[in-house]
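Colleague: First the structure, which I've put down as structure tokens, then a few questions once you've had a look.
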Amino acid sequence: MRPDIVSLSDQARVIPRLHLVGTLVVVVVLTLALGSIFSWQHIDAHRASIARLEQVVTAKLEARLDAEMASALDYLEFTRSRTEETLRNAVIEPVEAALQIATAIHAREVGRRPDDDIQRLIVEALRPVRFFDGRGYFFIDDMSGRFILLPTAPQFEGRLMPDNQDDTGRYIMRGLIDAARLPPGQGFFRYRWYRPDDPQRMADKLAYVRHFEPYDWLIGTGDYTYEWEIHLQNEALARLRGFRFGESGYVGLIDAEGRSLLSPSEPELEGKHFSELPAEQGEALRTLYAKAREGGGLVRYLWRNPATGVLAPKLARVETAQPWGWILVVAVFEDELHGALLAERESFERMSGPRGRGLMIALGLALGVALVASWLFSRWSGRLFMRYHDENRAQRAALRAQAERLRESEDKLATILDSVEAYIYIKGADYRYSYANRLVCDLFDCRQADLVGKTDADFFDAATAANLARNDRRVIEHGERVAVEEINTTRSGTAERTFMSVKLPLRREDGSIYALCGISTDITQRKAMEEEIRHLAFYDALTDLPNRRLLVDRLQQLLAQGSRNAQHGALLFIDLDNFKALNDTLGHDQGDVLLVEVACRLRSCVREEDTVARIGGDEFVVMLGGLGVREDEAVAHARAVGEKILDCLGKHYVLQGHVHVSTPSIGIRVFAGKGLQVDELIRQADLAMYEAKAAGRNTLRFFAPELPQRPH
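The working numbering applies: residue 1 is where the sequence shown begins, and numbers increase by one.
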């Protein structure tokens, strides 16, 4: 054998092997490098996600604390601002009662006894009366400045002291006399008087007096403002004790000296200075107290969780509420809202194993494919060097490649169908499912293997299954292409969805139908939005009453009916008196609250078939139909409804804790017959309403042709 032939044969065997080894090395290195890059990117993306989630959670937690702190501060300020108002309301009632007693005694005894005896009867009747936990008593002075009744210092009774002053130089008797000359409900006077617990010191006091004309007396009482401030502070503590947010959030209070006033989680700490508390609680309160002295803000500290008994971190917002000097603490355990971070980390740890195994399997498959490809290339090189071609092997290799492409094509199709935002399914000629994509499986909460062979009756209620069967029959039995909206209700009846479904027949080569393919899109939200838009087109967004458009439509229908049956109808045009003043004083939010309450009261004043509409601002229209064929009966009925509305709307409203009275002015247009115009009827009712306003408001007027016309 020739040496060059031996060398060529050796090279033909060695070169493919070297090529194969080199290719394998390159493929292994690239596969491992790509696997490492993908793994690192996944881990890095998860870390970034955790960091973003932690920032969002922390920001939400701090925002929640800020909101709760603002709410608590607003409540304390509101409570403090009520001190004088509460005291004013409290002192009026006993003075009015005392005035009634004096009036009753005088009316009974006048003419029967001398005035001196009657005066003594009145004085002795009021002398022993006490109220406000024993602090309150009645005093009587005459309008010249003489003490008539002073239970706490009877030695002054009968003495003329118009120039007595408090420790600020204010003339007490003169101020009381001036207050007595004011109208009832306004006779208040502030001064300083000796404290019952410390007779050597004076304190601010508010008195209310009324003038008793038969003897030219003033009768009054009063109380110390600091007593009522203490009462409202106790009321605020009781209210804040029940204040909760989230699972562990609450409000605590510390006084200006560092003494715990309110500790909902551990009430036994209340009343103690932080230096008197156990080490854990004392250190926490010392931290909160110090933060308040620095101007307040966010602070973290450790507190024992009552649910677990373990020390856990808490986040608190600390502010000082003036002028009481209370330190307000709004706190929550950080673990409460950080549960999302823990769940994310646990989910990542649970998925790390399967994802790692999946990555290894993918790398292994990729490496295997690369090995096969390298081996095929090596064989092809070997055949090239050895100058022969094995056609049989090439055909088998081509078949293997074709099968691989077919599998890849099937995988791609399955991936595409699962990625489409539509519900895609195939039903056989027996109306049983033979295929469903991911969305259908999610809808039925089952795997595809469990869904195959099932019918619609296994997933929907009887009515839905029957409707789907009718549509499917048109496709499978008649070969139609069906596009229809389907409203599907689950078998339990708890969920209802609307789908836009397109169903096509699947045919064999001979044209026979062996299945149907359905593509459904969930349009539930779109249908709901369409319904909401339709509702907003005809109803007022604030009060949910019909708007002008729907009122005009119904009025046109009523006019058409009246032209046929000669029945009378009526329009009541209602405008609230002084509504702008309410908006200017209490704000538009409270104005909206009033409008909603007015709408509710109007609905209660009319029949079910009548219409109550809001046509703008504080203007409402009530449409009455079927009032009879006689005009006088229709007028009487309309007047009765109008008077009912006047009475109902004239009752007081409670807005922001204050009693508010709002009255309406009503214009009424009674109508019947043909040729009436909707806009003209509304305008005429409007004219009558302005006539009611001109008559002094809180009344009603009927339209008359002679009413003065208003420009549009």
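Don't be surprised by glycine CBs; every beta carbon is placed ideally from N, CA and C.
How big is the Cα-Cα spacing for A694 and C605?
Modeller: Here the question's residue 694 lines up with position 694 in the sequence shown. Here the question's residue 605 lines up with position 605 in the sequence shown. Near 25 Å, if we compare the C-alpha coordinates of C605 and A694.
Colleague: Using a 10 Å radius around the Cβ and a threshold of 16 neighbouring Cβ atoms, would you call L542 buried or exposed?
Modeller: As a position in the sequence shown, residue 542 is number 542, starting the count at 1. Classification of L542: exposed, given that the 10 Å Cβ count is below 16.
Colleague: Under a three-way DSSP split, which group does E404 fall into?
Modeller: By 1-based counting over the sequence shown, the position of residue 404 is 404. The answer is helix: DSSP assigns E404 an H, G or I state.
Colleague: Could you check which residue in M689, H658, Y539, L627 has the C-alpha nearest to that of L646?
Modeller: Locating residue 646 in the sequence shown gives position 646, where the first residue counts as 1. Minimum Cα distance to L646 is reached at M689.
Colleague: Shorter than 6 Å, the distance from the beta carbon of N547 to the closest heavy atom of the ligand COA, or not?
Modeller: As presented, the structure is devoid of all ligands, the ligand COA included, so that no description of it is given.
Colleague: List the endpoints of the continuous alpha helix (DSSP H) containing E235.
Modeller: Numbered from 1 along the sequence shown, position 235 holds the residue referred to as residue 235. Note, E235: alpha helix (DSSP H), 225–241.
Colleague: Tell me which same chain residues have a C-beta within less than 7 Å of the C-beta of C441, skipping the five on either side of it?
Modeller: Walking along the sequence shown from the start, residue 441 turns up at place 441. Excluding residues within five positions, the ones whose Cβ falls inside 7 Å are R447, Q448, L451.
Colleague: Q567 by DSSP, collapsed to three states: which one?
Modeller: As a working note, residue 567 is residue 567 in the sequence shown. Three-state DSSP puts Q567 in coil, outside helix and strand.
Colleague: From the DSSP output, in three-state form, read off G650 for me.
Modeller: Taking the first residue of the sequence shown as 1, we reach residue 650 at position 650. Helix, per DSSP.
Colleague: Count the C-beta pairs between the segment 60–67 and the segment 322–334 that are closer than 8 Å, then say yes if the count reaches three, no if not.
Modeller: yes
Colleague: Quick check: what's the CA-CA separation for A685 versus D632?
Modeller: Here residue 685 corresponds to residue number 685 of the sequence shown, with the count starting at 1. Here residue 632 corresponds to residue number 632 of the sequence shown, with the count starting at 1. Looking at the two C-alpha atoms, the distance is approximately 18 Å.
Colleague: Cβ of I177 within 7 Å of Cβ of N164?
Modeller: Taking the first residue of the sequence shown as position 1, residue 177 is located at position 177. Taking the first residue of the sequence shown as position 1, residue 164 is located at position 164. No, these two residues do not count as a Cβ contact at 7 Å.
Colleague: Can you tell me whether P114 is buried or exposed, with buried defined as 16 or more other CB within 10 angstroms of its CB?
Modeller: The residue given as residue 114 occupies position 114 in the sequence shown. So P114 ends up on the exposed side.
Colleague: Does the Cβ-Cβ distance between I254 and I327 come in under 7 Å?
Modeller: As a first step, residue 254 must be located in the sequence shown, where it is residue number 254. As a first step, residue 327 must be located in the sequence shown, where it is residue number 327. Yes, Cβ-Cβ distance for I254 and I327 is below 7 Å.
Colleague: Alpha carbon to alpha carbon, how far is G222 from A613?
Modeller: Counting from one through the sequence shown, the residue named residue 222 turns up at place 222. Counting from one through the sequence shown, the residue named residue 613 turns up at place 613. Approximately 50 Å between the Cα atoms of the pair.
Colleague: How would you label K291, buried or exposed, when you count the other beta carbons within 10 angstroms and need 16 or more for buried?
Modeller: Translated into positions along the sequence shown, residue 291 becomes position 291. With 16 or more Cβ atoms within 10 Å of its Cβ, K291 is classed as buried.
Colleague: What is the rounded straight-line gap between the Cα of L594 and the Cα of N578?
Modeller: Numbered from 1 along the sequence shown, position 594 holds the residue referred to as residue 594. Numbered from 1 along the sequence shown, position 578 holds the residue referred to as residue 578. The straight-line gap from Cα to Cα measures roughly 12 Å.
Colleague: Could you tell me which of G295, D133, V635, A397 sits nearest to E227, measuring between CA atoms?
Modeller: What you label residue 227 is simply residue 227 of the sequence shown in a count that begins at 1. When each option's Cα is compared against that of E227, the closest is D133.
Colleague: Looking only at its chain, what residues have a beta carbon closer than 6 Å to the beta carbon of N698, apart from the 5 residues adjacent to it on each side?
Modeller: Translated into positions along the sequence shown, residue 698 becomes position 698. Cβ neighbours of N698 beyond the five flanking positions: T663.
Colleague: Pull the bridge partners of A331 from the DSSP assignment, please.
Modeller: Here residue 331 corresponds to residue number 331 of the sequence shown, with the count starting at 1. According to DSSP, which records beta bridges pairwise, A331 is partnered with Y250, A316.
Colleague: How big is the Cα-Cα spacing for K314 and S248?
Modeller: As a working mapping, residue 314 is identified with position 314 in the sequence shown. As a working mapping, residue 248 is identified with position 248 in the sequence shown. The straight-line gap from Cα to Cα measures roughly 10 Å.
Colleague: S263: buried (16+ other C-beta within 10 angstroms of its C-beta) or exposed?
Modeller: As a position in the sequence shown, residue 263 is number 263, starting the count at 1. When all chains shown are included, S263 counts as buried.
Colleague: Three-state secondary structure (DSSP) at G368?
Modeller: Taking the first residue of the sequence shown as position 1, residue 368 is located at position 368. It is helical.
Colleague: If you drop the 5 nearest sequence neighbours on each side, which residues of the same chain put their C-beta closer than 8 Å to that of Q556?
Modeller: In the sequence shown, counting from the first residue as 1, residue 556 sits at position 556. Non-local beta-carbon contacts of Q556 in its own chain, meaning distances under 8 Å to residues more than five positions away in sequence, involve V678 in chain order.
Colleague: Which term fits K205, buried or exposed, when burial requires 16 or more other beta carbons within 10 angstroms of its beta carbon?
Modeller: On the sequence shown, residue 205 is found 205 positions in, with the first residue counted as 1. So K205 counts as buried.
Colleague: Taking A495 as the reference, which of P546, A515, R639, T524 has the closest Cα?
Modeller: Locating residue 495 in the sequence shown gives position 495, counting from the first residue. Comparing Cα-Cα distances from A495 to each of P546, A515, R639, T524, the minimum goes to T524.
Colleague: According to the neighbour-count rule (16 or more other Cβ atoms, all chains shown, within 10 Å of its Cβ), is Y423 buried or exposed?
Modeller: For the purposes of this step, residue 423 is identified with residue 423 of the sequence shown, where counting begins at 1. So Y423 counts as buried.
Colleague: Across the segment 472–485 and the segment 501–517, are there enough close Cβ pairs to call them in contact, namely three or more that are closer than 8 Å?
Modeller: yes
Colleague: Between which two residues does the beta strand (DSSP E) harbouring N488 extend?
Modeller: Counting from 1 along the sequence shown, the entry for residue 488 is found at position 488. 482–489 is the extent of the beta strand (DSSP E) around N488.
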